[in-house]
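Working notes for the structure below.
In the numbering used here, the protein residues as written are 3 to 130.
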């Protein structure tokens, strides 16, 4: 079967963005409701369901904390975050660079850190 109007594009890292006819101002002006409605209307890419971590896990989805955003939100370097929360810096780097993903225990620990970083740091400091 021959496909009509197929375009092949070669784009390497560092190349300038590919020119398109996309009206980015119109895209930026979309409301969350409009974006959600558009996603629902696309049969090839339905949006992920929303729900609690437990509900998502039953559907086969596991939320993985964004460790880099958490660390940056706390204003810590990799070394400081690793030392404060007793995580090997190599493990932290692997998580941040998506070479590895936190297991269930680490995800729970990162969730606790995200919700109350000062309390976790204080408790670990007292246990030293």
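For every residue, glycine included, the Cβ atom is placed at its ideal position computed from N, Cα and C.
Discussion item. Just to confirm the assignment: which complete alpha helix (DSSP H) runs, minimum length 4, are found wholly within the stretch 36-96?
Written reply: As for any alpha helix (DSSP H) of minimum length 4 sitting wholly inside the stretch 36-96, the runs are 55-60, 69-75, 80-87, ordered along the chain.
Fill in: residue 119 beta carbon less than 7 Å from that of residue 76
Between residue 76 and residue 119, the gap from beta carbon to beta carbon is short of 7 Å.
Practice prompt. Between the Cα of residue 71 and those of 87, 63, 80, spot the shortest distance and give me the residue it belongs to.
Written response: For the residues 87, 63, 80, the minimum Cα distance to residue 71 belongs to 80.
Worksheet entry | Nearest to residue 125 (by Cα), restricted to the options 25, 110, 88 | Restricting attention to 25, 110, 88, the CA atom closest to the CA of residue 125 is found in 88.
Fill in: Straight-line gap, residue 42 to residue 21 (C-alpha atoms, nearest Å)
The alpha-carbon of residue 42 is positioned some 27 Å away from that of residue 21.
Worksheet entry | Cutoff 6 Å; reference residue 49; Cβ partners in own chain excluding five residues on either side | For residue 49, the CB contacts under 6 Å within the same chain, skipping 5 residues up- and downstream, are 41 in chain order.
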